[in-house]
Amino acid sequence: MTISDRKKREKEIRRKNIIDIAEKLFFEKGYENISMADIAKGTELGRSTLYLYFKNKKEIYLAISIRSTQILNKMFKENYNKGETGIEKVEMLLDAFYRFYKEYPDYYDVNWASYKVLIDHDQPPMEEIKRSRIECFSLFGKALQEGMEDGTIRSDIDPVKTNLVLASTMQNVFNLPPTIQMHMKNNDLTQEELIEYTVDMMIHSLKNNNLIKGGSKNAN
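Heads up: the sequence shown is residues 303 to 522, going by the working numbering.
Following this line, the structure appears as C-alpha coordinates:
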(Lines of atoms letter the chains of each structure in order from A and count residues from 1; the text may use other names and numbers.)
(Lines give C-alpha, C1' and ligand atoms only; values in the text may rest on other atoms or scores of the structure.)
Protein backbone atom coordinates (compact mmCIF):
# COMPACT_ATOMS: atom_id res chain seq x y z
CA MET A 1 0.00 0.00 0.00
CA THR A 2 1.39 3.38 -1.01
CA ILE A 3 1.52 6.37 1.33
CA SER A 4 -1.24 7.99 -0.72
CA ASP A 5 -3.45 4.90 -0.45
CA ARG A 6 -2.84 4.66 3.29
CA LYS A 7 -3.76 8.31 3.85
CA LYS A 8 -6.89 7.86 1.77
CA ARG A 9 -7.87 4.78 3.77
CA GLU A 10 -7.22 6.57 7.07
CA LYS A 11 -9.38 9.46 5.90
CA GLU A 12 -12.23 7.10 4.97
CA ILE A 13 -12.00 5.38 8.36
CA ARG A 14 -12.07 8.72 10.18
CA ARG A 15 -15.03 9.90 8.09
CA LYS A 16 -16.92 6.70 8.91
CA ASN A 17 -16.14 7.14 12.60
CA ILE A 18 -17.52 10.68 12.51
CA ILE A 19 -20.74 9.44 10.93
CA ASP A 20 -20.99 6.59 13.45
CA ILE A 21 -20.60 8.92 16.44
CA ALA A 22 -22.93 11.56 15.02
CA GLU A 23 -25.52 8.88 14.21
CA LYS A 24 -25.49 7.68 17.82
CA LEU A 25 -25.86 11.23 19.11
CA PHE A 26 -28.67 12.11 16.70
CA PHE A 27 -30.55 8.91 17.51
CA GLU A 28 -30.20 9.38 21.27
CA LYS A 29 -30.81 13.12 21.59
CA GLY A 30 -32.36 14.28 18.33
CA TYR A 31 -30.88 16.17 15.41
CA GLU A 32 -31.96 19.58 16.71
CA ASN A 33 -30.22 19.05 20.05
CA ILE A 34 -26.79 18.16 18.69
CA SER A 35 -24.16 20.64 17.52
CA MET A 36 -20.91 20.26 15.61
CA ALA A 37 -19.16 20.89 18.93
CA ASP A 38 -20.94 17.86 20.41
CA ILE A 39 -19.86 15.72 17.47
CA ALA A 40 -16.27 16.97 17.69
CA LYS A 41 -16.24 16.10 21.40
CA GLY A 42 -17.69 12.65 20.74
CA THR A 43 -15.12 11.88 18.05
CA GLU A 44 -12.27 13.42 20.07
CA LEU A 45 -11.43 15.64 17.14
CA GLY A 46 -10.79 19.35 17.07
CA ARG A 47 -13.61 21.35 15.47
CA SER A 48 -11.24 22.53 12.74
CA THR A 49 -10.44 18.90 11.89
CA LEU A 50 -14.13 17.95 11.87
CA TYR A 51 -14.87 20.75 9.40
CA LEU A 52 -12.32 19.25 7.00
CA TYR A 53 -14.69 16.31 6.60
CA PHE A 54 -18.11 17.96 6.88
CA LYS A 55 -19.11 21.59 6.45
CA ASN A 56 -21.98 21.29 8.91
CA LYS A 57 -24.16 18.77 10.72
CA LYS A 58 -26.63 18.77 7.81
CA GLU A 59 -24.02 17.07 5.64
CA ILE A 60 -23.47 14.44 8.32
CA TYR A 61 -27.22 13.91 8.61
CA LEU A 62 -27.41 13.37 4.86
CA ALA A 63 -24.63 10.79 5.09
CA ILE A 64 -26.70 8.92 7.67
CA SER A 65 -29.75 9.22 5.44
CA ILE A 66 -27.76 7.62 2.62
CA ARG A 67 -26.99 4.69 4.93
CA SER A 68 -30.69 4.40 5.72
CA THR A 69 -31.68 4.43 2.06
CA GLN A 70 -29.07 1.82 1.20
CA ILE A 71 -30.44 -0.54 3.88
CA LEU A 72 -33.99 -0.07 2.60
CA ASN A 73 -32.91 -0.58 -1.01
CA LYS A 74 -31.14 -3.81 -0.09
CA MET A 75 -34.23 -5.10 1.72
CA PHE A 76 -36.45 -4.17 -1.22
CA LYS A 77 -34.24 -5.94 -3.76
CA GLU A 78 -33.94 -9.08 -1.66
CA ASN A 79 -37.70 -9.29 -1.10
CA TYR A 80 -38.52 -8.45 -4.70
CA ASN A 81 -36.63 -11.51 -5.87
CA LYS A 82 -38.59 -13.74 -3.48
CA GLY A 83 -41.84 -13.15 -5.34
CA GLU A 84 -42.70 -15.23 -8.38
CA THR A 85 -45.67 -13.25 -9.68
CA GLY A 86 -46.32 -9.53 -9.82
CA ILE A 87 -48.79 -9.55 -6.93
CA GLU A 88 -46.39 -11.63 -4.82
CA LYS A 89 -43.60 -9.13 -5.49
CA VAL A 90 -45.81 -6.22 -4.44
CA GLU A 91 -46.64 -8.08 -1.23
CA MET A 92 -42.96 -8.86 -0.63
CA LEU A 93 -42.02 -5.20 -1.14
CA LEU A 94 -44.69 -4.04 1.32
CA ASP A 95 -43.39 -6.62 3.79
CA ALA A 96 -39.84 -5.28 3.36
CA PHE A 97 -41.04 -1.73 4.02
CA TYR A 98 -42.84 -2.87 7.18
CA ARG A 99 -39.77 -4.79 8.41
CA PHE A 100 -37.58 -1.77 7.78
CA TYR A 101 -39.96 0.34 9.88
CA LYS A 102 -39.92 -2.23 12.71
CA GLU A 103 -36.26 -3.28 12.66
CA TYR A 104 -34.67 0.10 11.91
CA PRO A 105 -36.95 2.72 13.54
CA ASP A 106 -34.18 5.33 13.79
CA TYR A 107 -33.15 4.86 10.18
CA TYR A 108 -36.82 5.02 9.17
CA ASP A 109 -37.09 8.42 10.87
CA VAL A 110 -33.90 9.64 9.21
CA ASN A 111 -35.01 8.33 5.82
CA TRP A 112 -38.13 10.48 5.80
CA ALA A 113 -37.02 13.34 8.03
CA SER A 114 -34.10 14.17 5.71
CA TYR A 115 -36.57 16.17 3.62
CA LYS A 116 -37.63 18.14 6.69
CA VAL A 117 -34.12 19.26 7.59
CA LEU A 118 -33.25 22.64 6.14
CA ILE A 119 -30.79 21.61 3.47
CA ASP A 120 -29.74 22.61 -0.02
CA HIS A 121 -31.53 20.09 -2.19
CA ASP A 122 -28.96 20.37 -4.95
CA GLN A 123 -26.16 19.01 -2.77
CA PRO A 124 -24.56 15.81 -4.19
CA PRO A 125 -25.56 13.70 -1.13
CA MET A 126 -29.19 14.75 -1.58
CA GLU A 127 -29.05 13.77 -5.23
CA GLU A 128 -27.76 10.32 -4.25
CA ILE A 129 -30.64 9.92 -1.81
CA LYS A 130 -33.14 10.95 -4.47
CA ARG A 131 -31.70 8.46 -6.95
CA SER A 132 -31.94 5.65 -4.39
CA ARG A 133 -35.52 6.52 -3.53
CA ILE A 134 -36.48 6.66 -7.19
CA GLU A 135 -34.94 3.20 -7.53
CA CYS A 136 -37.13 1.95 -4.65
CA PHE A 137 -40.20 3.53 -6.23
CA SER A 138 -39.33 1.93 -9.57
CA LEU A 139 -39.27 -1.55 -8.03
CA PHE A 140 -42.88 -1.16 -6.95
CA GLY A 141 -43.79 0.10 -10.41
CA LYS A 142 -41.99 -2.83 -12.01
CA ALA A 143 -43.85 -5.32 -9.78
CA LEU A 144 -47.19 -3.71 -10.57
CA GLN A 145 -46.51 -3.77 -14.30
CA GLU A 146 -45.38 -7.39 -14.12
CA GLY A 147 -48.55 -8.30 -12.25
CA MET A 148 -50.71 -6.64 -14.89
CA GLU A 149 -48.88 -8.60 -17.57
CA ASP A 150 -48.96 -11.99 -15.81
CA GLY A 151 -52.63 -11.53 -14.88
CA THR A 152 -52.26 -11.53 -11.09
CA ILE A 153 -53.02 -7.79 -10.83
CA ARG A 154 -56.03 -5.98 -12.26
CA SER A 155 -55.38 -4.59 -15.71
CA ASP A 156 -57.40 -1.41 -15.12
CA ILE A 157 -55.07 0.19 -12.54
CA ASP A 158 -52.71 3.09 -13.16
CA PRO A 159 -49.26 1.84 -12.01
CA VAL A 160 -47.93 5.28 -11.08
CA LYS A 161 -51.02 6.37 -9.11
CA THR A 162 -51.24 2.94 -7.46
CA ASN A 163 -47.58 3.15 -6.48
CA LEU A 164 -48.16 6.52 -4.84
CA VAL A 165 -51.26 5.24 -3.01
CA LEU A 166 -49.32 2.24 -1.66
CA ALA A 167 -46.45 4.43 -0.44
CA SER A 168 -48.64 7.12 1.14
CA THR A 169 -50.94 4.56 2.77
CA MET A 170 -48.02 2.75 4.39
CA GLN A 171 -46.58 6.04 5.61
CA ASN A 172 -49.92 7.02 7.12
CA VAL A 173 -50.38 3.75 8.98
CA PHE A 174 -46.81 3.99 10.29
CA ASN A 175 -47.43 7.53 11.57
CA LEU A 176 -50.84 7.43 13.20
CA PRO A 177 -52.34 10.67 14.56
CA PRO A 178 -53.51 10.80 18.20
CA THR A 179 -57.20 10.50 17.29
CA ILE A 180 -56.66 7.24 15.41
CA GLN A 181 -54.53 5.93 18.27
CA MET A 182 -57.38 6.73 20.66
CA HIS A 183 -59.88 4.77 18.55
CA MET A 184 -57.49 1.85 18.32
CA LYS A 185 -57.04 1.80 22.08
CA ASN A 186 -60.81 1.91 22.61
CA ASN A 187 -61.19 -1.08 20.28
CA ASP A 188 -58.23 -3.09 21.60
CA LEU A 189 -56.31 -2.88 18.33
CA THR A 190 -52.52 -2.72 18.06
CA GLN A 191 -50.64 -0.82 15.39
CA GLU A 192 -49.20 -4.09 14.14
CA GLU A 193 -52.70 -5.49 13.61
CA LEU A 194 -53.75 -2.35 11.75
CA ILE A 195 -50.66 -2.43 9.52
CA GLU A 196 -51.18 -6.09 8.64
CA TYR A 197 -54.87 -5.45 7.91
CA THR A 198 -53.97 -2.44 5.75
CA VAL A 199 -51.51 -4.48 3.69
CA ASP A 200 -54.08 -7.25 3.29
CA MET A 201 -56.69 -4.74 2.07
CA MET A 202 -54.28 -3.19 -0.44
CA ILE A 203 -53.24 -6.57 -1.83
CA HIS A 204 -56.86 -7.69 -2.20
CA SER A 205 -57.76 -4.43 -3.96
CA LEU A 206 -55.02 -5.12 -6.53
CA LYS A 207 -55.69 -8.79 -7.19
CA ASN A 208 -57.24 -9.86 -10.46
CA ASN A 209 -60.40 -11.54 -9.20
CA ASN A 210 -61.22 -12.82 -12.68
CA LEU A 211 -58.02 -14.87 -12.60
CA ILE A 212 -58.87 -16.21 -9.16
CA LYS A 213 -62.41 -17.22 -10.22
CA GLY A 214 -61.65 -18.46 -13.71
CA GLY A 215 -58.17 -19.83 -13.16
CA SER A 216 -57.03 -18.27 -16.41
CA LYS A 217 -55.16 -15.12 -17.32
CA ASN A 218 -57.47 -14.68 -20.25
CA ALA A 219 -60.68 -14.85 -18.25
CA ASN A 220 -62.92 -11.81 -18.72
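Glycine included, each C-beta is placed from N, C-alpha and C at the ideal position.
Item	Value
The region 386-398 in contact with the region 450-457 per 3-pair CB rule at 8 Å	yes
Three or more C-beta pairs below 8 Å linking the region 396-415 and the region 370-378	yes
Buried or exposed (CB count within 10 angstroms, at least 16 for buried), G348	exposed
Contact under 8 Å by Cβ, K336 with F328	Just to set this straight, residue 336 is Ile in the shown sequence, not Lys. Yes, these two residues count as a Cβ contact at 8 Å.
8 Å Cβ cutoff met for N474 and F439	no
Range covered by the alpha helix (DSSP H) that runs through M450	P426 to D452
K509 (DSSP reduced to helix, strand or coil)	strand
Beta-carbon spacing of T345, L352 below 8 Å	yes
K432 versus Q493 - alpha carbon distance	29 Å
Residues of its chain near G385, where Cβ-Cβ distance is below 6 Å and the 5 sequence neighbours each way are ignored	K391 and M394
Burial state of Y410 (16 or more Cβ within 10 Å)	buried
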